[in-house]
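What follows is one structure encoded as structure tokens, with my remarks underneath.
Numbering (the working numbering), first residue to last: 1106 to 1224.
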């Protein structure tokens, strides 16, 4: 499974978390993701997700003047989006905890057997 496939389900939650901090526009979201180490996502990936989130009433948009070019569409969370972010965080913590348990067990088992190979 590729990193991109694994991240697709996580990207929504990451976008919601970034938007929660402050109102942002699409290109700025792409830059923020890049700054956090997500190098695989472009604006072309992000905009369809934002449109779906808007349709699902997780985010709202506001057009604002830009100092460089046309007006920008800024995204902010709705109360429904904030609730969805809380659910995402709960699911992420649950998943992360359990995956780490499995991985630690695998590592402990390999060390117990003296098998240091990494697959």
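Heads up, the beta-carbon is just placed ideally off N, CA and C, and yes, glycines get one too.
Everything numeric in this text was worked out from a predicted model, so none of it was measured.
Boundaries (first-last residue) of the beta strand (DSSP E) holding residue 1182: Run containing residue 1182: 1177–1182, per the beta strand (DSSP E) assignment.
Assuming the contact rule is C-beta atoms closer than 8 Å, residue 1180 and residue 1169 should be a hit. Round their C-beta distance to whole Å, please. Wrong, their Cβ atoms sit about 11 Å apart, outside the cutoff.
Quickly, what does DSSP pair residue 1168 with across the bridge? List them, please. DSSP, once it has assigned bridges, lists 1178 as partnering residue 1168.
Three CB pairs or more closer than 8 Å across the stretch 1183–1194 and the stretch 1147–1156: By the Cβ rule, the stretch 1183–1194 does not count as touching the stretch 1147–1156, because fewer than three pairs are nearer than 8 Å.
Is residue 1152 helix, strand or coil when you go by DSSP? DSSP places residue 1152 within a helical segment (H, G or I) once states are collapsed to three.
Pick helix, strand or coil for residue 1130, following the three-state DSSP scheme. DSSP places residue 1130 in the strand class (E or B) of the three-state scheme.
Which term fits residue 1164, buried or exposed, when burial requires 16 or more other beta carbons within 10 angstroms of its beta carbon? Burial state of residue 1164 is buried, judged by a 10 Å Cβ sphere holding 16 or more other Cβ atoms.
At a cut-off of 7 Å, is residue 1159 close to the ligand NAD when judged by its beta-carbon and the heavy atoms of the ligand? As far as ligands go, the structure on display features none, and thus does not contain the ligand NAD.
For a quick check, are the C-beta atoms of residue 1124 and residue 1182 less than 8 Å apart? A contact, by the Cβ cut-off of 8 Å.
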